[in-house]
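Data first, discussion second: the structure below is written as structure tokens.
2 protein chains.
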Amino acid sequence: MVDRPDTGTRLDPWVDAYATRARGMTASEIRALFSVASRPEVVSLAGGMPFVQALPLEALAETAARLVRDRGAQVLQYGSGQGDATLRGQILDVMSEVGISAHPDDVVVTTGSQMALDLVTRIFCDPGDVVFVEAPSYVGALGVFRAYECDIVHVAMDDEGLVPEALAEAIAQARAQGKKPKMVYTIPSFQNPGGVTQGPERRLRVLEVAKREGLLLLEDDPYGLLGFDGPPPRAIRADDDEQVIYLGSFSKTIASGLRVGWAVAPHGVREKLVLAAESAVLCPSNYAQLTVSEYLATQPWREQVKVFRELYRERRDALLDSLEQLMPDGTTWTHPAGGFYSWVTLPEGLDAKAMLPRAIAALVAYVPGTGFYVDGQGHESLRLSYCYPEPERIREGVRRLAGVIEGELDIAATFGTGRVLRNAEGPEGPAPNIL
Amino acid sequence: MVDRPDTGTRLDPWVDAYATRARGMTASEIRALFSVASRPEVVSLAGGMPFVQALPLEALAETAARLVRDRGAQVLQYGSGQGDATLRGQILDVMSEVGISAHPDDVVVTTGSQMALDLVTRIFCDPGDVVFVEAPSYVGALGVFRAYECDIVHVAMDDEGLVPEALAEAIAQARAQGKKPKMVYTIPSFQNPGGVTQGPERRLRVLEVAKREGLLLLEDDPYGLLGFDGPPPRAIRADDDEQVIYLGSFSKTIASGLRVGWAVAPHGVREKLVLAAESAVLCPSNYAQLTVSEYLATQPWREQVKVFRELYRERRDALLDSLEQLMPDGTTWTHPAGGFYSWVTLPEGLDAKAMLPRAIAALVAYVPGTGFYVDGQGHESLRLSYCYPEPERIREGVRRLAGVIEGELDIAATFGTGRVLRNAEGPEGPAPNIL
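Protein chains in written order, with the numbering used here: chain B, 1 to 435; chain H, 1 to 435.
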């Protein structure tokens, strides 16, 4: 019998009724800090919000109105669980930019690519199955893998991202421990939070390991079109249509508020994804899907992506320049060639998580590195996002952050570092404001 | 190691890699039939699609355009995982119609109430936990409970819906078998697919059983405002805010294509729901949410619900009148006082699932009763929807169906019935076209 004690207190009377998978779901202490960090006087280098203000709002407004007026019976109605067929065809055009060729039937449209992550994990992962992720990795993916009680193993990255030898070794080790490796999750282009990119050779070697070991390769590519140098990197999926499930998103190339993403999967997998999607939400929103579809059909979307690229490049430059000018010795950071993030490593002995309240008091916010690991790593690091604030604000934010770090160094010099070894901690939860 | 055989065939090379929960996910044979049934010459009494054409499309078009134009930076951006705060406040107004009072903090906005169903099950149900559902019950809910490997137990209904004594007995029996009862899922108003409604007394007795047994009561109320006689039935949640999780939806009162629904849950549960929602989709679409919010704020939405009510009442009347006039003896059906559905029981010996191909050949479609059970019941029944076709089409559909049933009766009279006892079968999957 489910225990149902007196409800007169603020304690949760259902505490003993939750599923095992829900036990680990707790709000992180960091959330309270971020609600403070959203005050306008704080320069937030924390959130991964795209700068949607750069969109052609008037054209989008007209698109939305025309759709509802002329095609209301379709736009406002339930649709297919797999997603709108026209949009799935257009998604092929978008993916051709990263070298992928596929059939519209291979595409499943989801409520943002987060939902695709959830569905893939739902259909593949039993509790205890091992998922290999980059060290560090996307907080929202870690949240999904934890929700399905996966065994998450971080694999080292270098300047070219995921290290194939380290991956092979981690897989061998998991097998030696009697565990069941299931999939490899990677963000090969402009990684979140690392800001690094796998080169063409590196991608093929990662694929080769997955193939040899019989593991699914889950390729998450929300930033692929947002590279600052040359054409978009070729997706791993472009070279293999049986080993790879590819996740794409319109959140960064059009607008995150529409919640339209997709998965491309091998035939049998795709069928299960559609069934899982119907169970999860019946069908994606026609209103959002057809808005995207009409935008792609009538607006110069490639030009708009170029606008975003230039805008983010300018902000990336503002970040890197001011880091170069202002950061105390011993601080290092990655040099992203696209996407939204740089990964900063603090001078020896400093702790980015412990420092966060003081940073927010100094009116600058970031995400501590611990959020991107499930095993307690990351105290010495933090993620800076340059996607949302204007360049001048970015410079001001870095100035404040440099001051905070210098203050920490002074304290450490005077009193020694307060750094202690910690036990494993969870990710900070995939709160939208720390994507 | 995950088995990865040769991929040269159409067989799914990942077949051995799926999670246990995905094993039961298979497309039902009925889907192929429904793709035929969507041809315009077929009168479909199968789908539960609201008649969104009755909406004020011009006003909605202007609403959408104004939002994107004037508030694009918010509408097109990520939002809170719990949903837009203004909309959550407005949802309280909507729920006041069914007697519920709550706080905006108690509300979690979801991608349709289907997602709320998924999240509640996700946080509460371990594999094998028992969920009690009406016999028959909503196909989309059965799909969710199966996806989480729940043990689904059907409980008898009568003309007033779920029978409290039968519920108590089913719970006792499950406990006696060493199982773990977890929750009771009910659609008290204008049930899908039964078309019956629990009276006020009945609701309190169902609640009383759940309370006494310490089980969550999951109240699904998509049709509550669509009653044809008198004010909307008072929700069970109106009388208890600790035992009940209430699910609401704008799919039938505004538009299903927006995919905006919600859950109201006790404090501790709601916190976990938000965390689960963030893991599933990060946040609901601001574009869809703010469209609903602006529509509620600027349009006479109560008047519009009245328009829907009158429209569906007329169609209900068309259905019941023509059933009365045309159905062969021995056919019975429920008399819905609201919502979208009537549940028809065929003359002794006929099988609604076996009959479906012949019905479709005669250009009329319905959903066989088996789709609404997980235990092989329902062969003698079918669900008719009157929400979408015009009254004249409904009459034509019933005429065709009556002809098919008469044909079956002739065959049965000549050759005996082909009815055989069947093993337990799964629900037909929550395909949007058979909601």
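Don't be surprised by glycine CBs; every beta carbon is placed ideally from N, CA and C. Since the model is a prediction, treat every value here as computed from it, not as a measurement.
Of all the options the options, which has the alpha carbon lying nearest to the alpha carbon of residue i?
i	options	result
Pro50(B)	Ser279(B), Gly376(B), Leu258(B), Gly403(B)	Leu258(B)
Arg146(H)	Leu275(H), Arg395(H), Lys180(H), Arg23(H)	Arg23(H)
Pro284(H)	Trp262(B), Glu271(B), Met115(B)	Met115(B)
Ser137(B)	Ile187(B), Pro127(B), Lys353(B)	Ile187(B)
Leu45(H)	Arg393(H), Val404(H), Glu324(H), Leu167(H)	Arg393(H)
Asp220(B)	Gly214(B), Arg395(B), Phe250(B)	Phe250(B)
Val43(H)	Tyr386(H), Glu294(H), Ile405(H), Phe415(H)	Tyr386(H)
Arg358(H)	Tyr312(H), Ile411(H), Asp329(H), Ala170(H)	Ile411(H)
Lys252(H)	Val94(H), Met25(H), Gly79(H)	Val94(H)
Arg309(H)	Gly330(H), Phe228(H), Pro328(H)	Phe228(H)
Val130(H)	Ala176(H), Val196(H), Arg316(H)	Ala176(H)
Leu356(B)	Gly376(B), Tyr366(B), Ala276(B)	Tyr366(B)
Val184(B)	Glu169(B), Thr20(B), Leu382(B)	Glu169(B)
Val260(H)	Tyr287(B), Pro222(B), Gln173(B)	Tyr287(B)
Val209(H)	Glu324(H), Val163(H), Gly83(H), Thr345(H)	Val163(H)
Tyr388(H)	Gly339(H), Asp158(H), Pro328(H), Leu215(H)	Gly339(H)
Ile360(H)	Thr26(H), Ala19(H), Pro13(H), Pro40(H)	Pro40(H)
Leu346(H)	Pro336(H), Ala337(H), Pro328(H), Leu363(H)	Pro328(H)
Leu142(H)	Ala64(H), Asp159(H), Thr121(H), Asp105(H)	Thr121(H)
Ile123(H)	Val144(H), Val139(H), Val133(H), Asp105(H)	Val144(H)
Between residue i and residue j, what straight-line distance do the alpha-carbon atoms span, to the nearest angstrom?
i	j	result
Ala413(B)	Ile245(B)	49 Å
Gly230(H)	Leu273(H)	34 Å
Val292(H)	Ala402(B)	44 Å
Glu278(H)	Arg31(B)	13 Å
Arg400(H)	Gln74(B)	27 Å
Gly178(B)	Pro127(B)	14 Å
Ile236(B)	Gly248(B)	13 Å
Thr7(H)	Glu271(B)	In this prediction, Thr7(H) scores a pLDDT of 43, lower than 50, which makes its location untrustworthy; the coordinate-derived value is nonetheless stated afterwards. Cα to Cα, Thr7(H) sits roughly 16 Å from Glu271(B).
Glu86(H)	Leu11(B)	Checking the sequence, you will find Thr at residue 86(H) rather than Glu. Going from the Cα of Thr86(H) to the Cα of Leu11(B) covers about 27 Å.
Gln299(H)	Glu314(H)	24 Å
Gln173(B)	Glu213(B)	13 Å
His267(H)	Ala354(B)	30 Å
His379(H)	Leu117(H)	26 Å
Glu62(B)	Lys306(H)	30 Å
His103(H)	His154(B)	41 Å
Phe372(B)	Ile152(B)	12 Å
Arg383(H)	Pro193(H)	6 Å
Ile171(H)	Trp333(B)	59 Å
Ala337(B)	Ala255(B)	21 Å
Cys150(H)	Leu218(H)	15 Å
Gly397(H)	Leu92(H)	39 Å
Val107(H)	Leu311(H)	30 Å
Pro5(H)	Val269(B)	Bear in mind that a pLDDT of 43 at Pro5(H), under 50, signals an unreliable position, so the number given afterwards is only what the model happens to contain. Their Cα atoms are separated by approximately 15 Å.
Give me whichever residues DSSP pairs with residue i in a beta bridge.
i	result
Gly338(B)	Gly227(B)
Pro368(H)	Leu382(H)
Lys180(H)	Asp129(H)
Ala156(H)	Ala135(H)
Ala263(B)	Val108(B), Leu247(B)
Tyr185(B)	Val133(B), Leu218(B)
Trp343(B)	Arg383(B)
Trp333(H)	Val344(H)
Leu162(B)	Met157(B)
Ser44(B)	Ala365(B)
Asp317(B)	Answer by DSSP bridge pairing: none, since Asp317(B) is not bridged.
Just mark residue i as buried or exposed, buried being the case when its beta carbon has 16 or more other beta carbons within 10 Å.
i	result
Glu408(B)	buried
Leu60(B)	buried
Ser189(H)	buried
Val15(H)	exposed
Ala297(B)	exposed
Gly112(H)	buried
Phe415(H)	exposed
Gly195(B)	buried
Leu181(B)	One point to set straight first is that residue 181(B) is Pro, not Leu, in the sequence displayed. So Pro181(B) counts as buried.
Glu303(B)	exposed
Ala54(H)	exposed
Ser35(B)	exposed
Gly72(H)	buried
What are the complete beta strand (DSSP E) segments, minimum 3 residues, inside the segment 261-309 of chain H? 261-264
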